[in-house]
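Protein chains in written order, with the numbering used here: chain A, 318 to 954; chain B, 86 to 252.
Report on the structure given below.
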Amino acid sequence: MKKADPKKLEELRTRIIDSRDENKTCITICGGTGCHAYGCEKIAQNFKDEIKKQNLEKKIDIRVTGCHGFCERGPIVVMQPDGIFYQRVKNEDIKEIISKTALNKEVIPRLLYKDPQTDEIIEKEKEVAFYKKQKRIIFGRNGFIDPTNIEDYIALDGYKAISQALFEMEPKEIISEVKKSGLRGRGGGGFLTGKKWEICSRQDSPEKYVICNADEGDPGAYMDRSLLEGNPHSIIEGMIMGAYAIGAHEGYIYVRLEYPLAVKNITLALEKAREYGFLGKSILSSDFDFDIHVFKGAGAFVSGEETSLMASIEGRRAFPSQRPPYPAEKGLWGKPTNINNVETWANIPLIIEKGADWYNHIGTETSKGTKIFSLVGKINNTGLVEVPMGMTLREIIYDIGGGIKDGKKFKAVQTGGPSGGCIPADMLDQPIDFDTLTRAGSIMGSGGMIVMDEDTCMVDVARYFLKFTQEESCGKCVPCRIGTRKMVDILTRITEGRGEKEDIKRLKELAETVKNGSLCGLGQTAPNPVLTTLRYFMDEYKAHIEQKSCPALSCKNLIVYYIDPDKCVGCLLCKKNCPVDAISGERKEVHVIDQDLCIKCGACLDVCPSKVSAVSKHTGKEKQKILEEHNKKKTKK
Amino acid sequence: MIDKKKNKIEVEKILKKFNPERKELIHILHKVQAEEGFISPEAISEISKYLSISEGEVYGVLTFYNAFTLEPKGKHTITICMGTACHVRGAPAVLDEFSRLLDISPGQTTENKNFTLETVNCVGACALGPIVITDGDYHGHATARDAKKILHHLKEEKDKNKDNEKS
């Protein structure tokens, strides 16, 4: 668009929509990182090749879209406009999908989703239980957009909100609209976005910055990446409005190093946005100039903290600094800076386009809108889910997530990443919003939800997170640097069966010190996983310390693998699969594990046929008994 | 062996693409790491001169971030995802087995420079956990038993490449 303006944008939008035949078959293939890992790239290429080979380009469109969220069932192919949902598609299925569904509207039952709970075969994407209860206002467009094609975004009313904002609204009005919407920051803190903007807008400085924090470091959380990869223009649009509202002319998107596809897609999206006149000098012929740079992170978790992130952009070590002054007053290069998380920015165009009153009807009293959670771990339907604030954990885990894997028992859900905590089963009916999670001792964080079952050891989970924060601690504050290390030492000792009675008291004391004596969020929240597991799973700590047993049968040092002589049929499977040749016994003879050689890798348990199930794990007294028996036999020999 | 002279020339070439400003430091380090495979002492010295900051400062920044290494990596990189979802699904056992088979700890490279073993804090493909990534290829639902197969496959590939080179 040369010399773009709002009128030309609307003309372009009409042209794009008119040029598209909405009844034309379009094969959409999910191109998110989850599906990439399943090999969707090759599938998409093969679809393209096959369509070309059969000369069907006029009849069938192909679109590689953003993430659909249902990663468990990838690679995902949705046939538009009917919305027929094919899952776990393989290269062998391509020809059949083209000849049957694309050309003759014939559905292939074997590729449809079968609801594991009702055995019902579901044809359409929106009818799958995983999607039914979701409210996908932010994430929903991902499945219809090719993130590399800006016209897909424009066709779905993209960049409408900025022409509204730049020409019909004063910066103050935008801020008051965002304030009225009740939107709270989605990166972890939950601060009111509009309020943050207002503070920044009041600063008298010709130079201001806006930053999109896409340094999504919480392990098990990947919603920001999916938005960047799948719908990058919505974030750019949000940032343009934020910059206009506070009076900034330069912006940064700080992307985590481990997200190469996100870097690629957002970089391309920025180029396209410039080309179409949405970025650069006089955006849409208004008198507002603004442009955005991409900054690739370098692999430090602490750089997700806002002051560290800015230090990193400045080319320094990602050390946090004292707040106040807050970035809104003194941020990047000492200038007023507004920094928001990816998902927060993606909410902005919706709020401006549909109005704060529409938005603040979604959610709870204190937490408005929707939240995208990444539902992972021991759950049947791993994926990204967007739900209105206030939905209960039970609805998310059971109705959307399809319950726990392999029919196991739910134990806890960990929210908020390394800064969050573990929430036990008796709190499943809690409505989820910023405040209920804080009351439970956890936090909303960026929205990771890691489901744990009876096989997960909660002491080990606490150790895992503490080890994580200890390694990622930048070392600036002594309580964080040394305190977390001491906590890891204690937790490691407990999981190895060397725990002492006083350890629990020591952990609590250290937690307090680290919490109070650290400058940034990393240290202040690092003890949360320990504190919540102490609060809700004290019995597991006690079992480890007092009985030297791991109730979840997970801590290596506290368990033994054992072959039940009454059950073993002597099939040689475990013997063949043991990597250290610790299993003896000939065919049709009972097999025995040499406990001195066993490295507890679990291979024997994995391969023992389920109808035999002779291999089992034991802890505590049973473990002692097995070891004694083993030693007796050894000395006899 | 690393050709120090060549390395220095390459780094000089890279530096010319950037403004001599402090804020370019991380961008420069990314570029050097990508093209040279590591940051050599020669590179540190060149960068420090170019940006007019001390070598200590460059060293401080590069060792702060996980993306940069002071040593070249092995021919194959094996990355084990240690994200929470992978952790609860048994990633530690997978890592232990690779570590045992290669006789190195995470972060190290085998003596013959064939394999580097690394961990990552989540690649966000949690549905496939535990995940092992070898030279960019994803192996989902990995178990300790797969470690041997995966290594074997990588070795074979290497042999195949060698044969191709010969013919």
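Even for Gly, the Cβ is constructed at its ideal location relative to N, Cα and C.
These numbers come from a predicted model, not from an experiment.
Note to self: Determine, for residue 894 of chain A, whether the minimum Cβ-Cβ distance to residues of chain B falls below 8 Å.
What the structure shows: Taking the first residue of the first sequence as 1, we reach residue 894 of chain A at position 577. Answer yes: the Cβ-Cβ gap between residue 894 of chain A and chain B drops below 8 Å somewhere.
Checklist line | residue 403 of chain A beta carbon less than 8 Å from that of residue 373 of chain A | finding: Position 56 of the first sequence, counting from 1, holds the residue named residue 373 of chain A. Position 86 of the first sequence, counting from 1, holds the residue named residue 403 of chain A. Cβ atoms of residue 373 of chain A and residue 403 of chain A: not closer than 8 Å.
Item checked: Proximal chain A residues relative to residue 92 of chain B, where beta-carbon distance stays under 7 Å -> Here the question's residue 92 of chain B lines up with position 7 in the second sequence. Result: empty, since nearest Cβ-Cβ is about 21 Å, beyond 7 Å.
Next item on the list: Using a Cβ-Cβ cut-off of 8 Å, state whether residue 111 of chain B counts as contacting chain A.
Entry: For the purposes of this step, residue 111 of chain B is taken as residue 26 along the second sequence, with counting starting at 1. Yes, residue 111 of chain B lies at the interface with chain A (some Cβ there is under 8 Å from its Cβ).
Notebook entry, point to check: Per DSSP, residue 378 of chain A is paired with what?
Noted result: Here residue 378 of chain A is taken as the residue at index 61 of the first sequence, counted from 1. In DSSP, residue 378 of chain A forms a bridge with A:343.
Notebook entry, point to check: If the cut is a Cβ gap below 7 Å, which residues of chain C does residue 574 of chain A touch?
Noted result: Absence of chain C from the displayed structure is noted, the protein chains being A and B.
Check: When you compare only the Cα positions, how much space is there between residue 220 of chain B and residue 424 of chain A?
Finding: As a first step, residue 220 of chain B must be located in the second sequence, where it is residue number 135. As a first step, residue 424 of chain A must be located in the first sequence, where it is residue number 107. When rounded, the distance between both Cα atoms is 38 Å.
Check: residue 889 of chain A by DSSP, collapsed to three states: which one?
Finding: Position 572 of the first sequence, counting from 1, holds the residue named residue 889 of chain A. Residue 889 of chain A falls in the coil class under three-state DSSP.
Next item on the list: Please list, in chain order, all residues of the same chain as residue 810 of chain A whose beta carbon is under 6 Å from its beta carbon, the five residues on each side excluded.
Entry: The sequence position of residue 810 of chain A within the first sequence is 493, counting from 1. These residues qualify, in order along the chain: 816.
Checklist line | Contact between the segment 331–341 of chain A and the segment 380–392 of chain A (3+ Cβ pairs under 8 Å) | finding: no
Item checked: Where residue 224 of chain B falls: helix, strand or coil (DSSP) -> Residue mapping note: residue 224 of chain B aligns to position 139 of the second sequence, counting from 1. Residue 224 of chain B: strand per DSSP, three-state reduction.
Notebook entry, point to check: Helix, strand or coil: which one does DSSP assign to residue 584 of chain A?
Noted result: Counting from 1 along the first sequence, the entry for residue 584 of chain A is found at position 267. Three-state result, residue 584 of chain A: helix.
Next item on the list: Identify the continuous beta strand (DSSP E) that holds residue 163 of chain B and give its terminal residues.
Entry: One-based indexing of the second sequence puts residue 163 of chain B at position 78. Element bounds for residue 163 of chain B: 161–166.
Margin query: So that I know if they touch, is there some Cβ in chain B lying closer than 8 Å to that of residue 911 of chain A?
Written below: Within the first sequence, numbered from 1, the residue matching residue 911 of chain A stands at position 594. No, residue 911 of chain A does not count as interfacial toward chain B.
Checklist line | Nearest candidate by alpha-carbon position, reference residue 933 of chain A, set A:901, A:914 and A:884 | finding: Position 616 of the first sequence, counting from 1, holds the residue named residue 933 of chain A. Among A:901, A:914 and A:884, the Cα nearest to that of residue 933 of chain A belongs to A:884.
Next item on the list: Between the Cα of residue 852 of chain A and those of A:888, A:775, A:938 and A:863, spot the shortest distance and give me the residue it belongs to.
Entry: In the first sequence, the residue the question calls residue 852 of chain A occupies position 535. When each option's Cα is compared against that of residue 852 of chain A, the closest is A:775.
Notebook entry, point to check: Residues bridged to residue 947 of chain A by DSSP?
Noted result: Counting from 1 along the first sequence, the entry for residue 947 of chain A is found at position 630. Its beta-bridge partners do not exist; DSSP assigns none.
Item checked: Helix, strand or coil at residue 955 of chain A [DSSP, three-state] -> Coverage of chain A is limited to positions 318 through 954, which leaves residue 955 of chain A absent and any answer about it impossible.
Checklist line | Given residue 788 of chain A as reference, the closest of B:158, B:99, B:205 and B:182 once Cα atoms are compared | finding: Looking up residue 788 of chain A in the first sequence gives position 471. Checking every option, the nearest Cα to that of residue 788 of chain A belongs to B:205.
Notebook entry, point to check: Does DSSP put residue 252 of chain B in a helix, a strand or coil?
Noted result: Taking the second sequence and counting its residues from 1, one reaches residue 252 of chain B at position 167. Confidence at residue 252 of chain B is low in this model, with a pLDDT of 43, below 50, so the placement of that residue should be treated as unreliable; the coordinate-derived value is given next. Three-state result, residue 252 of chain B: coil.
Next item on the list: Could you give the DSSP three-state label for residue 191 of chain B: helix, strand or coil?
Entry: The residue you call residue 191 of chain B lines up with position 106 of the second sequence. Coil.
Margin query: Any beta carbon from chain A within less than 8 Å of residue 88 of chain B's own beta carbon?
Written below: Here residue 88 of chain B is taken as the residue at index 3 of the second sequence, counted from 1. No, residue 88 of chain B does not count as interfacial toward chain A.
Checklist line | Assigned exposure category for residue 675 of chain A - 16 Cβ within 10 Å defines buried | finding: Against the first sequence, residue 675 of chain A aligns to sequence position 358. That one is exposed.
Check: How is the beta strand (DSSP E) around residue 907 of chain A delimited, first residue to last?
Finding: Within the first sequence, the letter at position 590 stands for residue 907 of chain A. Here residue 907 of chain A belongs to no beta strand (DSSP E), and DSSP marks it neither H nor E.
Note to self: Considering only the alpha carbon of each residue, which of B:196, B:228, B:102 and B:241 lies closest to residue 158 of chain B?
What the structure shows: On the second sequence, residue 158 of chain B is found 73 positions in, with the first residue counted as 1. Taking only the C-alpha atoms, the option nearest residue 158 of chain B is B:196.
Notebook entry, point to check: Is the number of C-beta pairs between the segment 666–682 of chain A and the segment 634–651 of chain A that are closer than 8 Å three or more?
Noted result: no
Next item on the list: Would you mind reading off the limits of the alpha helix (DSSP H) that contains residue 608 of chain A?
Entry: For the purposes of this step, residue 608 of chain A is taken as residue 291 along the first sequence, with counting starting at 1. No alpha helix (DSSP H) holds residue 608 of chain A; the beta strand (DSSP E) holding it covers 608–613.
Next item on the list: Name the one or two DSSP bridge partners that residue 640 of chain A has.
Entry: As a position in the first sequence, residue 640 of chain A is number 323, starting the count at 1. Paired residue(s): none; residue 640 of chain A is not in a bridge.
Check: What's the call for residue 324 of chain A, buried or exposed, on a 16-neighbour Cβ count within 10 Å?
Finding: Position 7 of the first sequence, counted from the start, is the residue given in the question as residue 324 of chain A. It counts as exposed.
Next item on the list: Only counting runs of 3 or more residues, tell me where the beta strand (DSSP E) segments fall wholly within the segment 390–432 of chain A, in order along the chain.
Entry: 394–397 and 401–403
Next item on the list: Using alpha carbons as the reference points, say which of A:763, A:745 and A:357 lies closest to residue 737 of chain A.
Entry: As a first step, residue 737 of chain A must be located in the first sequence, where it is residue number 420. With distances taken between Cα atoms, residue 737 of chain A lies closest to A:763.
Notebook entry, point to check: Nearest to residue 709 of chain A by CA position, among A:456, A:723, A:744 and A:683, is which residue?
Noted result: Along the first sequence, read from residue 1 onward, the residue named residue 709 of chain A stands at position 392. If we check each option's Cα against that of residue 709 of chain A, A:744 comes out closest.
Next item on the list: With residue 560 of chain A as the anchor, note down where its alpha helix (DSSP H) starts and where it stops.
Entry: Within the first sequence, residue 560 of chain A is the residue found at index 243, counting from 1. From DSSP, the alpha helix (DSSP H) with residue 560 of chain A extends over 549–563.
Notebook entry, point to check: From residue 446 of chain A to residue 753 of chain A, what does the alpha carbon distance come to, in whole angstroms?
Noted result: Here residue 446 of chain A refers to the residue found at position 129 when the first sequence is read from its first residue. Here residue 753 of chain A refers to the residue found at position 436 when the first sequence is read from its first residue. So the two alpha carbons sit approximately 26 Å from each other.
Check: How would you label residue 139 of chain B, buried or exposed, when you count the other beta carbons within 10 angstroms and need 16 or more for buried?
Finding: For the purposes of this step, residue 139 of chain B is identified with residue 54 of the second sequence, where counting begins at 1. Exposed, since its Cβ has fewer than 16 Cβ neighbours within 10 Å.
Next item on the list: Indicate the three-state DSSP secondary structure (helix, strand or coil) for residue 99 of chain B in the structure shown.
Entry: As a working mapping, residue 99 of chain B is identified with position 14 in the second sequence. Correct three-state label for residue 99 of chain B: helix.
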